[in-house]
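Q:
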Amino acid sequence: MRLNIRIIIHIMGLLLLCNGSFMLLAAFASAMYKDGATLDISLAAIVTMLFGIMAMFYTRGHKKEVKRKEGYIVVTFGWIIMSISGMLPYLFSGSIPNITDAFFETISGYTTTGASILDDIEALPKGILLWRSLTHWIGGMGIIVLAIAILPLLGIGGMQLFAAEAPGPGGDKLHPRITDTAKRLWFIYFGYTVLETILLNVAGMSFFDAINHSLATMSTGGFSTKNASLAYWNNEPIIQYIVIVFMFLAGSNFVLSYFALTGKVQRILKDEEFKYYFGFVVVFSILAALGVYFKADVPVSDFHPMVWGKAESAFRHTLFQVLTVITTTGFVTADFTGWTHFLTVFFFGLMFLGGSAGSTAGGIKVMRHILIIKNGILEFKRTLHPNAIIPVRYNQKTVTEHIVYNVIAFFVLYMLLFIIGALVLGFLGLDFVSAVGGSASSLGNVGPAFGSLNPVSNYNSLPDAGKWWCGFLMLLGRLELFTVLIVLTPYFWKKT
Numbered sequence: 010m011r012l013n014i015r016i017i018i019h020i021m022g023l024l025l026l027c028n029g030s031f032m033l034l035a036a037f038a039s040a041m042y043k044d045g046a047t048l049d050i051s052l053a054a055i056v057t058m059l060f061g062i063m064a065m066f067y068t069r070g071h072k073k074e075v076k077r078k079e080g081y082i083v084v085t086f087g088w089i090i091m092s093i094s095g096m097l098p099y100l101f102s103g104s105i106p107n108i109t110d111a112f113f114e115t116i117s118g119y120t121t122t123g124a125s126i127l128d129d130i131e132a133l134p135k136g137i138l139l140w141r142s143l144t145h146w147i148g149g150m151g152i153i154v155l156a157i158a159i160l161p162l163l164g165i166g167g168m169q170l171f172a173a174e175a176p177g178p179g180g181d182k183l184h185p186r187i188t189d190t191a192k193r194l195w196f197i198y199f200g201y202t203v204l205e206t207i208l209l210n211v212a213g214m215s216f217f218d219a220i221n222h223s224l225a226t227m228s229t230g231g232f233s234t235k236n237a238s239l240a241y242w243n244n245e246p247i248i249q250y251i252v253i254v255f256m257f258l259a260g261s262n263f264v265l266s267y268f269a270l271t272g273k274v275q276r277i278l279k280d281e282e283f284k285y286y287f288g289f290v291v292v293f294s295i296l297a298a299l300g301v302y303f304k305a306d307v308p309v310s311d312f313h314p315m316v317w318g319k320a321e322s323a324f325r326h327t328l329f330q331v332l333t334v335i336t337t338t339g340f341v342t343a344d345f346t347g348w349t350h351f352l353t354v355f356f357f358g359l360m361f362l363g364g365s366a367g368s369t370a371g372g373i374k375v376m377r378h379i380l381i382i383k384n385g386i387l388e389f390k391r392t393l394h395p396n397a398i399i400p401v402r403y404n405q406k407t408v409t410e411h412i413v414y415n416v417i418a419f420f421v422l423y424m425l426l427f428i429i430g431a432l433v434l435g436f437l438g439l440d441f442v443s444a445v446g447g448s449a450s451s452l453g454n455v456g457p458a459f460g461s462l463n464p465v466s467n468y469n470s471l472p473d474a475g476k477w478w479c480g481f482l483m484l485l486g487r488l489e490l491f492t493v494l495i496v497l498t499p500y501f502w503k504k505t
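All residue numbers for the sequence shown refer to our numbering, where the first residue is 10 and numbers rise by one.
1. Between which two residues does the beta strand (DSSP E) containing Val401 stretch?
2. Classify His411 as buried or exposed, calling it buried when 16 or more other Cβ atoms lie within 10 Å of its own Cβ.
3. Where do the N-terminal and C-terminal ends of the beta strand (DSSP E) with Thr407 fall, by residue?
4. Determine, using beta-carbon pairs with one atom in the stretch 75-86 and one in the stretch 191-208, whether at least three such pairs fall under 8 Å.
5. Taking DSSP as the reference, what is the three-state secondary structure of Arg11?
6. So the alpha helix (DSSP H) Trp528 belongs to, where does it begin and stop?
7. Around the C-beta of Pro98, are 16 or more other C-beta atoms found within 10 angstroms, so that it is buried, or is it exposed?
8. Taking 6 Å as the limit between beta carbons, can you name the residues of its chain near Asp473, skipping five residues before and five after?
9. By the 10 Å Cβ neighbour count, where 16 or more other Cβ atoms means buried, how is Met315 classified, buried or exposed?
10. Assign Gly385 to buried or exposed, taking buried as 16 or more other Cβ atoms, counted over all protein chains shown, within 10 Å of its Cβ.
11. Taking its Cβ as the centre, do 16 or more other Cβ atoms sit within 10 Å of Trp88, making it buried, or is it exposed?
12. Can the beta-carbon of Thr234 be found less than 9 Å from the beta-carbon of Thr338?
13. According to the neighbour-count rule (16 or more other Cβ atoms, all chains shown, within 10 Å of its Cβ), is Ser30 buried or exposed?
14. Considering only their Cβ atoms, is the gap separating Gly123 from Asn454 smaller than 9 Å?
15. Using three-state DSSP, classify Arg532 as helix, strand or coil.
16. Could you tell me whether the stretch 461-473 touches the stretch 342-351, where touching means 3 or more Cβ pairs closer than 8 Å?
17. Look up Val493 in the DSSP assignment and say whether it is helix, strand or coil.
18. Nearest by alpha-carbon distance to Ser223: which of Phe217, Thr202 and Asn210 is it?
19. Go ahead and pull the three-state DSSP assignment for Trp146.
20. Is it true that the stretch 361-376 meets the stretch 237-255, where meeting means three or more beta-carbon pairs spaced less than 8 Å apart?
21. By the three-class DSSP mapping on this structure, what secondary structure does Asp440 have?
22. What's the C-alpha gap between Thr144 and Asp218?
23. Do you know offhand how far Leu25's Cα is from Ser94's?
24. With Ser368 as the anchor, note down where its alpha helix (DSSP H) starts and where it stops.
25. According to the Cβ coordinates, are Met41 and Phe86 closer than 9 Å?
26. Per the contact definition of three or more C-beta pairs closer than 8 Å, is the stretch 427-444 in contact with the stretch 319-338?
27. Can you name the start and end residues of the alpha helix (DSSP H) that Trp88 belongs to?
28. Can you tell me where the alpha helix (DSSP H) holding Phe255 begins and where it ends?
29. With H, G and I counted as helix, E and B as strand and the rest as coil, what does DSSP make of Pro185?
30. Looking at Gly475: is its Cβ nearer than 9 Å to the Cβ of Leu452?
31. Going by beta carbon distance, what residues of the same chain come within less than 6 Å of Leu490, once the five residues before and after it are set aside?
32. Quick check on DSSP: helix, strand or coil for His394?
33. For Leu482, which residues of its own chain have a beta-carbon under 8 Å away from its beta-carbon, when the five flanking residues on both sides are left out?
34. To test your reading of the DSSP string, which unbroken alpha helix (DSSP H) runs of 4 or more residues are found completely within the stretch 257-307?
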């Protein structure tokens with residue numbers, strides 16, 4: 010089977026055109042705030058759009074058919090092309106003059122990881138700060154399309170199950186046309202972003218800070234406009250509670266938001282993944298809050314201290330940090346690695362949980378954990394009754410063995426890549442805690458890690474090779490492992 014190179018290049022051109030258009034938004038903001046970076050960002054936008062237009066023009070007669078191989082290439086190299094073009098505003102403006110650092114910051118943005126190499130974020134021009142947040146939002150939009158339209162068709166990591174639950178014709182699916190499904194979810198994504206921006210602005214954030222943090226929240230990215238991240242607003246609990254609500258929504262399945270908005274609330278209450286996701290957040294937050302209240306110190310708000318006190322602060326900071334790790338958002342209100350040794354290990358474990366399928370969150374995903382746990386429990390029954398057919402059930406439906414095996418393979422591969430990732434970082438000079446934390450955080454698209462990469466630090470201390478390696482892990486985790494790895498196999502490129 011010959012590759013349809015022309016359609017691949019055409020789609021790449023379209024991506025560049027979209028990327029350049031978003032850069033123009035950042036240039037417009039730069040001009041409004043007169044931050045001195047307007048021409049640099051505009052030039053980056055023009056260069057990006059020119060390449061996009063040329064690619065689309067020279068492939069305008071392409072055969073409009075994307076098969077499985079083309080799908081893998083478009084997804085993998087699309088993210089890389091977006092990251093390469095996306096670092097131009099940093100380079101042209103001199104905000105991040107080093108190519109390695111600029112690429113790291115950019116791919117961290119598009120993969121919605123939120124790990125940064127910047128020591129003084131607040132010194133950046135506002136246009137660059139907005140572009141930095143927009144890379145999150147663009148990546149988040151892309152993840153919704155991947156989860157809904159592309160990964161299930163490619164058979165990635167058990168996402169076929171999600172394909173059966175959400176998009177496509179028939180039953181309670183959103184719409185028979187996948188493009189219309191994606192449009193509806195984009196509308197929800199955009200609507201949530203606007204709503205959060207308004208609420209944060211009313212709660213006391215400046216409009217600029219509000220829109221940047223909304224872009225980062227809904228994409229579960231984590232880039233902030235402040236060096237202290239959300240800890241900058243520790244004396245304004247209402248702001249942090251607003252972010253908590255929208256982090257929860259961003260980490261849940263966007264299809265459920267559609268059901269809620271169309272009055273199908275029962276579908277949400279019956280959804281198995283949502284029940285587990287909600288339960289995990291509640292139980293883990295209570296456990297962590299008790300540990301913090303009795304064993305650690307947290308910043309107490311100056312706002313009505315008689316009302317808000319240590320109990321509220323312990324609850325708010327632990328709920329915030331549990332959600333920011335589970336949803337892989339990466340915002341920070343406190344350094345959870347400095348609370349207790351138990352809580353350090355506790356939060357390390359949460360890095361492997363992830364949000365819901367069909368959300369913008371990274372990680373392994375709650376749905377996969379459910380299937381693995383259920384299958385593990387059923388193995389006891391199968392051992393006692395070897396001739397019995399005991400299938401795994403999810404949302405009261407039988408899950409095929411193929412999907413179960415796919416999920417198990419994903420989990421094993423994920424853990425193997427985590428170990429390899431830590432070994433490489435250790436080889437590059439990181440201590441054990443930093444290497445293990447950096448690998449788990451990069452692969453899970455979490456952002457903050459442990460050791461020298463802790464929540465109140467950044468990734469600037471990494472050697473250049475370490476930054477490229479972490480960027481590769483971010484891409485692997487964001488694109489569900491198989492998408493990238495299969496393109497690296499010799500078999501993929503053989504003519505069949």
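The C-beta atom is built at its ideal place from N, Cα and C for all residues, glycine as well.
A: Let me spell this out:
1. Val401 to Tyr403
2. exposed
3. Lys406 to Val408
4. Two segments are said to touch when three or more pairs of C-beta atoms, one from each, lie closer than 8 Å; by this definition the stretch 75-86 does not touch the stretch 191-208.
5. coil
6. Since the first residue of the chain shown is 10 and the last is 505, residue 528 is not available in this structure.
7. buried
8. Thr109
9. With a pLDDT of only 45 at Met315, under 50, the local geometry of the prediction cannot be trusted, and the value read off the model is given with reservation. Classified as exposed, Met315 has fewer than 16 neighbouring CB atoms from the shown chains inside 10 Å of its CB.
10. exposed
11. buried
12. no
13. exposed
14. Cβ atoms of Asn454 and Gly123: closer than 9 Å.
15. Given that the chain is displayed from residue 10 to residue 505, the structure contains no residue 532 and the question cannot be resolved.
16. yes
17. helix
18. Thr202
19. helix
20. no
21. coil
22. 16 Å
23. Cα atoms of Leu25 and Ser94: separation of roughly 7 Å, rounded to the nearest angstrom.
24. First-last for Ser368: undefined, no H or E at that position.
25. no
26. Not touching, per the Cβ criterion.
27. Arg77 to Gly95
28. Bounds of the alpha helix (DSSP H) holding Phe255 are Pro246 to Gly260.
29. Because the pLDDT at Pro185 is just 49, under 50, the model does not fix this residue reliably, and the value given afterwards should be weighed accordingly. Three-state DSSP puts Pro185 in coil, outside helix and strand.
30. no
31. Leu422
32. coil
33. Leu426, Gly430, Ser448, Ser451 and Leu452
34. 263-270, 274-279 and 281-304
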